[in-house]
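Trainee:
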Amino acid sequence: MKALAVLILALGATTALAAPTADARVEVVFVQPEKFRDIGDRYAGGGSARDSHLRDLDRYIQSRAARLVPEGQRLVVSVTDIDMAGAFEPWRGRSGDTRIVRDVYPPRIDLAFTLTGADGAVLKRGERKLRDPALLGRPGLSPSDPLRYEKALLDDWLERELNRTSAAGG
Numbered sequence: 008m009k010a011l012a013v014l015i016l017a018l019g020a021t022t023a024l025a026a027p028t029a030d031a032r033v034e035v036v037f038v039q040p041e042k043f044r045d046i047g048d049r050y051a052g053g054g055s056a057r058d059s060h061l062r063d064l065d066r067y068i069q070s071r072a073a074r075l076v077p078e079g080q081r082l083v084v085s086v087t088d089i090d091m092a093g094a095f096e097p098w099r100g101r102s103g104d105t106r107i108v109r110d111v112y113p114p115r116i117d118l119a120f121t122l123t124g125a126d127g128a129v130l131k132r133g134e135r136k137l138r139d140p141a142l143l144g145r146p147g148l149s150p151s152d153p154l155r156y157e158k159a160l161l162d163d164w165l166e167r168e169l170n171r172t173s174a175a176g177g
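Going by our numbering, the first residue of the sequence shown is number 8, and it counts up by one from there.
1. Identify whether Ala-56 lies in helix, strand or coil by the three-state DSSP scheme.
2. Assign Glu-168 to one of three DSSP states: helix, strand, or coil.
3. Between the region 56 to 65 and the region 117 to 132, do three or more beta carbon pairs fall short of 8 Å?
4. Indicate the three-state DSSP secondary structure (helix, strand or coil) for Leu-151 in the structure shown.
5. My understanding is that Gln-69 touches Thr-123, with C-beta atoms under 8 Å, so please give their C-beta distance in whole angstroms.
6. Nearest-angstrom Cα distance between Arg-32 and Pro-150?
7. Tell me the DSSP secondary structure of Arg-66 in three-state form.
8. Hey, out of Gln-39, Ala-119, Asp-139, whose CA is closest to Arg-155's CA?
9. Using the C-alpha atoms, what's the distance from Asp-117 back to Glu-157?
10. What first and last residue would you give for the beta strand (DSSP E) that runs through Gly-133?
11. Are there 16 or more other CB atoms within 10 angstroms of the CB of Thr-28, so buried, or fewer, so exposed?
12. For Pro-40, which residues in the same chain have their Cβ closer than 7 Å to its Cβ, ignoring the five residues on either side in sequence?
13. Does the beta-carbon distance from Phe-37 to Asp-65 come in below 9 Å?
14. For Lys-131 and chain C, any beta-carbon pair shorter than 9 Å?
15. Please classify Leu-161 as buried or exposed, where buried requires at least 16 neighbouring CB atoms within 10 angstroms.
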């Protein structure tokens with residue numbers, strides 16, 4: 008029994024060491040997420056679905072942006088609103104609790120960002136209203152990811168914003 012306890016402690020310590028840590032180059036802040044237009048399945052947990060989606064988007068932005076933000080620079084992204092792709096169409100009767108994805112319901116993400124250099128000087132700052140009216144024409148999105156359209160929208164923005172900065176000598 009004592010050996011089992013030692014083994015469990017050792018495995019726990021190994022897992023803790025192997026867990027990824029947030030990259031200091033990227034910080035994501037969700038500003039008043041309870042007021043976001045739509046960031047959770049209203050029929051599957053409400054607030055807990057919202058929190059799960061926000062954690063997923065936080066990790067996603069951090070991992071994607073960390074590859075594009077040069078060492079020594081820092082990116083702070085403040086997300087001010089999210090409206091997920093698709094909408095609930097209550098007039099559909101029993102299927103009114105299903106999110107229907109159409110081009111008329113594109114994903115929308117509003118954000119502000121600041122990119123600073125190693126010396127703390129602001130290299131770039133701005134506010135963006137991200138939209139994707141051609142969401143259904145995107146190939147290769149995972150049908151099992153409920154945030155696939157929002158992540159594709161963020162990928163486009165990060166590539167555009169940060170590759171432009173990197174090319175400019177940042």
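A virtual CB, placed ideally from N, CA and C, is assigned to each residue, including glycine. As the structure is a prediction and not an experimental result, all values here were calculated from the model.
Mentor: Result, derived from the coordinates:
1. helix
2. helix
3. no
4. The amino acid at residue 151 is misidentified as Leu; the sequence shows Ser. In the structure shown, Ser-151 sits in coil (DSSP, three-state: anything other than H, G, I, E or B).
5. Contact doesn't hold; Cβ gap of about 16 Å is too wide.
6. 30 Å
7. helix
8. Asp-139
9. 11 Å
10. 129 to 138
11. Only weak support exists for where Thr-28 lies, its pLDDT of 42 falling under 50; the coordinates are left without a value.
12. Ile-46, Arg-57, Leu-61
13. yes
14. Structure shown: chain C not included; a single protein chain is present.
15. buried
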